[in-house]
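Participant: Provided herewith is a single structure, encoded as structure tokens, for subsequent inquiry.
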Amino acid sequence: MFVPLRKLEVWGCDHLVSIGEKEEDDNCRSNLLTSLRILYIFSCKNMERSSCPDGIEKLIVDGCSSITVVSFPKGGLEKLRKLRINKCMKLLERGWGGQNVDNRSSMSMPEDVWISDWPSLKSIIEMNCWVHLTKLSIEDCESLETFPNNLTSLENLKIINCPRLDVPFPGWVWPPNLRSLELGKLKKPISGWGPQNFPTSLVELKLYDDDEVSSCSEFSHLLPSSLTSLYIFGFEKLEAVSVGLQHLTSLQHLSFSSCANLKKVSNPQHLTSLQHLYFWKCPKMMDLPEMLLPSLLRLNISGCPNLKERYRKNGSHWLLITHIPCIIMSMDFGIVTEFA
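With the working numbering as the guide, the letters of the sequence shown map in order to residues 29 to 368.
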């Protein structure tokens, strides 16, 4: 009765040690999973191996702390479109795929890949064959050292907390269709990068956790004029943003999060397109940049006690923001006051 099964989800099966048939049983493809197209495996802490059937299109393996091997039959990767590997701490790099990665005829053509918490992963150069990839997210891979340079279809790229990975490396060419980029906690701090030749398609940039930056001018050379959204996360030493944003004339979203020493955002007189402004966990911020306020449609303040006190309803600076259609304020990250 399971012959037409197309989707299987396995959750929290602590006694399950394997799923699917073994690779060497390639001639016995008549098992119950041959029609499977979507496979989710979550939190099976004693699972050691998974053998995926032919034709799998979407695979998620998440929180399987004992798994060492995820294998496919010969040619079984060809239809894979979406892949997620997360918190599989013992998964071996050589235990992935179960086939010769140099055989391009048997390589997969995924469009969306997310890999996180894979400690033994050192290289994803084999992705050179993944020409249809449009979204790639790599997080918390402490051993990752190499990265492909010709993902020409990529539109969304995220690389966070890969301390051995040097991106951009010499000769690096940013994907020509890139629209969204998230970077941080790599081998070289963001402030140490030289000017980048970002494609004009890039509209969203998120930068994370640079502990050496104290002024926006130290990374402003990275910001292309095409940006419509800029997010700054965890810049602990950042104290002021006064210059470096003036060329971002198309910017609509500006966000500062967990910038513990940020005190001042001033003189952004050219950001006339700005519509959304966010401050989250910036406890030393005292004043909002008045020149940004007229065009705003949304203002979000959370974990910023000084700002909340001044700009709350009937506060000393309340009249400066009453024209904004949507105002959200939160002090303790749980209780939200919204004015609309």
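Even glycine gets a Cβ: it sits at the ideal position worked out from N, Cα and C.
Between L279 and L302, is the Cβ-Cβ spacing less than 8 Å?
Facilitator: The residue labelled residue 279 in the question sits at position 251 within the sequence shown. The residue labelled residue 302 in the question sits at position 274 within the sequence shown. In contact: L279 and L302 (Cβ atoms closer than 8 Å).
Participant: From what residue to what residue does the alpha helix (DSSP H) around K336 run?
Facilitator: Position 308 of the sequence shown, counted from the start, is the residue given in the question as residue 336. Taken as a continuous stretch (DSSP letters only), the alpha helix (DSSP H) holding K336 covers 333 to 339.
Participant: Assuming G83 contacts K107 (C-beta within less than 8 Å), just tell me the rounded distance between them.
Facilitator: Here residue 83 corresponds to residue number 55 of the sequence shown, with the count starting at 1. Here residue 107 corresponds to residue number 79 of the sequence shown, with the count starting at 1. With 8 Å as the limit, G83 and K107 qualify as a contact, their Cβ atoms being about 5 Å apart.
Participant: Can you give the Cα-Cα distance for V97 and L120, rounded to whole angstroms?
Facilitator: On the sequence shown, residue 97 is found 69 positions in, with the first residue counted as 1. On the sequence shown, residue 120 is found 92 positions in, with the first residue counted as 1. If you take the alpha carbons of V97 and L120, they lie about 7 Å apart.
Participant: Taking S375 as the reference, which of P32, S248, L185 has the closest Cα?
Facilitator: Since the first residue of the chain shown is 29 and the last is 368, residue 375 is not available in this structure.
Participant: For the stretch 67 to 105, list the beta strand (DSSP E) runs that are entirely contained and at least 3 residues long, ordered along the chain.
Facilitator: 77 to 79, 86 to 90, 97 to 99
Participant: From K309 to S144, what does the alpha carbon distance come to, in whole angstroms?
Facilitator: Within the sequence shown, numbered from 1, the residue matching residue 309 stands at position 281. Within the sequence shown, numbered from 1, the residue matching residue 144 stands at position 116. Spanning the two alpha carbons is a distance of roughly 26 Å.
Participant: In its own chain, which residues sit with a C-beta less than 7 Å from the C-beta of P223, not counting the 5 before and 5 after it?
Facilitator: As a position in the sequence shown, residue 223 is number 195, starting the count at 1. Once the five neighbours on either side are set aside, the close Cβ partners of P223 are H249.
Participant: If you count every other CB in all the chains shown that lies within 10 Å of the CB of L182, and 16 or more means buried, which is it?
Facilitator: Looking up residue 182 in the sequence shown gives position 154. So L182 ends up on the buried side.
Participant: What is the DSSP secondary structure of S133, reduced to helix, strand or coil?
Facilitator: For this step, residue 133 is matched to residue 105 along the sequence shown. Residue confidence for S133 is low, a pLDDT of 44 falling below 50, so the modelled location carries little weight; the figure read from the coordinates is stated next. When secondary structure is reduced to three states using DSSP, S133 falls in the helix class.
Participant: Could you check how far apart the C-beta atoms of R340 and M357 are, in whole angstroms? I think they sit under 8 Å.
Facilitator: Within the sequence shown, the letter at position 312 stands for residue 340. Within the sequence shown, the letter at position 329 stands for residue 357. That pair is a contact at about 6 Å.
Participant: Helix or strand or just coil, what does DSSP make of H304?
Facilitator: The residue labelled residue 304 in the question sits at position 276 within the sequence shown. Three-state DSSP puts H304 in a strand.
Participant: Spatial neighbours of L325 within its chain, please: CB distance less than 8 Å, with the 5 preceding and 5 following residues excluded, ordered by chain position.
Facilitator: By one-based count along the sequence shown, residue 325 stands at place 297. Closer than 8 Å at the Cβ level, and outside the excluded window around L325, lie Q303, H304, I352, P353, C354.
Participant: Going by Cα to Cα distance, which pick from K292, L33, P191 is closest to I218?
Facilitator: The count along the sequence shown starts at 1 and reaches residue 218 at position 190. Ranking the options by Cα distance to I218, first place goes to P191.
Participant: Report, in whole angstroms, the separation of the C-beta atoms of F261 and S285, which I expect to be a contact under 8 Å.
Facilitator: Translated into the one-based positions of the sequence shown, residue 261 becomes position 233. Translated into the one-based positions of the sequence shown, residue 285 becomes position 257. That pair is a contact at about 5 Å.
Participant: Counting C-beta neighbours from all protein chains within 10 Å, is the total for S330 16 or more, i.e. buried, or is it exposed?
Facilitator: Translated into the one-based positions of the sequence shown, residue 330 becomes position 302. So S330 counts as buried.
Participant: So R326 is in the beta strand (DSSP E); what residue range does that whole segment cover?
Facilitator: Taking the sequence shown and counting its residues from 1, one reaches residue 326 at position 298. Run containing R326: 326 to 330, per the beta strand (DSSP E) assignment.
Participant: Mapping DSSP to helix, strand and coil, what is S369?
Facilitator: Limits of the chain in this structure are 29 at one end and 368 at the other, which puts residue 369 out of reach.
Participant: So for H281, helix, strand or coil by DSSP?
Facilitator: Position 253 of the sequence shown, counting from 1, holds the residue named residue 281. Here H281 sits in strand by DSSP.
Participant: Cα-Cα, which of D90, P32, A268 is closest to W39?
Facilitator: Here residue 39 refers to the residue found at position 11 when the sequence shown is read from its first residue. If we check each option's Cα against that of W39, D90 comes out closest.
Participant: Between which two residues does the beta strand (DSSP E) harbouring D194 extend?
Facilitator: For this step, residue 194 is matched to residue 166 along the sequence shown. First-last for D194: undefined, no H or E at that position.
Participant: Give the straight-line distance between the Cα atoms of E140 and T350, rounded to the nearest whole angstrom.
Facilitator: Reading the sequence shown from its first residue, position 112 is the one you call residue 140. Reading the sequence shown from its first residue, position 322 is the one you call residue 350. A small correction: the amino acid at residue 140 is Asp; Glu does not occupy that position in the sequence shown. When rounded, the distance between both Cα atoms is 42 Å.
Participant: Does the beta-carbon of G220 have 16 or more other beta-carbons within 10 angstroms, so that it is buried, or is it exposed?
Facilitator: For the purposes of this step, residue 220 is identified with residue 192 of the sequence shown, where counting begins at 1. With fewer than 16 other Cβ atoms within 10 Å, it is exposed.
Participant: Please look up how many angstroms separate the CB atoms of K265 and D239, rounded, as I've assumed it's under 8 Å.
Facilitator: What you label residue 265 is simply residue 237 of the sequence shown in a count that begins at 1. What you label residue 239 is simply residue 211 of the sequence shown in a count that begins at 1. Indeed, because the Cβ distance is near 6 Å, the residues count as touching under 8 Å.
Participant: Taking the beta strand (DSSP E) that C354 belongs to, which residues open and close that run?
Facilitator: As a working note, residue 354 is residue 326 in the sequence shown. C354 -> beta strand (DSSP E) spans 354 to 358.
Participant: L347: buried (16+ other C-beta within 10 angstroms of its C-beta) or exposed?
Facilitator: The residue labelled residue 347 in the question sits at position 319 within the sequence shown. Exposed, because fewer than 16 other Cβ atoms sit within 10 Å of the Cβ of L347.
Participant: Does R132 pass the burial test, meaning 16 or more other C-beta atoms within 10 Å, or should it be called exposed?
Facilitator: Here residue 132 corresponds to residue number 104 of the sequence shown, with the count starting at 1. With a pLDDT of 43 at R132, under the threshold of 50, the modelled position of that residue is not reliable, and the figure given next carries that caveat. It counts as exposed.
Participant: I need the straight-line Cα distance from S58 to L64, nearest angstrom please.
Facilitator: Indexing the sequence shown from 1 puts residue 58 at position 30. Indexing the sequence shown from 1 puts residue 64 at position 36. Note that S58 scores a pLDDT of 45, beneath 50, so its modelled location is shaky and nothing firm can be said.
Participant: Which one of G343, M117, C80, S283 has the shortest CA to CA distance from I66?
Facilitator: Counting from one through the sequence shown, the residue named residue 66 turns up at place 38. That would be C80, whose Cα lies nearest to the Cα of I66.
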